[in-house]
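The block underneath contains the structure these notes are about, expressed in structure tokens.
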Amino acid sequence: MKKSALYNYRWQKERAQYLKEHPLCVMHKAQGKVVPSAIVDHKKPHRGDLELFWDKSNWQALCKPCHDIHKQRLEKSGGVIGCSDAGLPIDPHHHWNKGGGA
Numbered sequence: 806m807k808k809s810a811l812y813n814y815r816w817q818k819e820r821a822q823y824l825k826e827h828p829l830c831v832m833h834k835a836q837g838k839v840v841p842s843a844i845v846d847h848k849k850p851h852r853g854d855l856e857l858f859w860d861k862s863n864w865q866a867l868c869k870p871c872h873d874i875h876k877q878r879l880e881k882s883g884g885v886i887g888c889s890d891a892g893l894p895i896d897p898h899h900h901w902n903k904g905g906g907a
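Converting from the sequence shown to the numbering used here requires adding 805 to each position, the first position being numbered 1.
Written out as structure tokens, the structure reads:
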């Protein structure tokens, strides 16, 4: 199935409702920051899989910069560069974020 066929009227309605229910970017929220969300992101890329595409447990609300920069980098390289205001890595897979740091 073409990717563009998935982002139809049904998607627009579901997306709008999801953003209404999840108004904050989850990546910023995890850092204690309040930033409005703008994009419904699929945590695990659906790659045209309809079941995964419509699975709301696979959705997350992100601001555009987090989606376009951090999430894309995570998908392409497996890691996210940068740190929080506290100096901790923002990469969720970094060992410090899994209890392995000092």
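Note that beta-carbon positions come from the ideal geometry of N, C-alpha and C, so glycine has one too.
- Fully contained in the stretch 812-872 are the following beta strand (DSSP E) runs of length 3 or more, in chain order: 844-847, 864-867.
- Within a 10 Å sphere around the beta-carbon of ALA866 sit 16 or more other beta-carbons, which makes this residue buried.
- Remark: C-beta atoms of LYS876 and MET832 approach each other more closely than 9 angstroms.
- Burial check for HIS872: the Cβ neighbour count within 10 Å reaches 16 or more, so the residue is buried.
- ASP896 and ARG820 have their C-alpha atoms spaced approximately 26 angstroms apart.
- One alpha carbon belongs to TYR814, the other to PRO870, and they sit about 25 angstroms apart.
- Closest option to ILE874, judged by alpha-carbon separation, among TRP816, ASP846, LEU824: ASP846.
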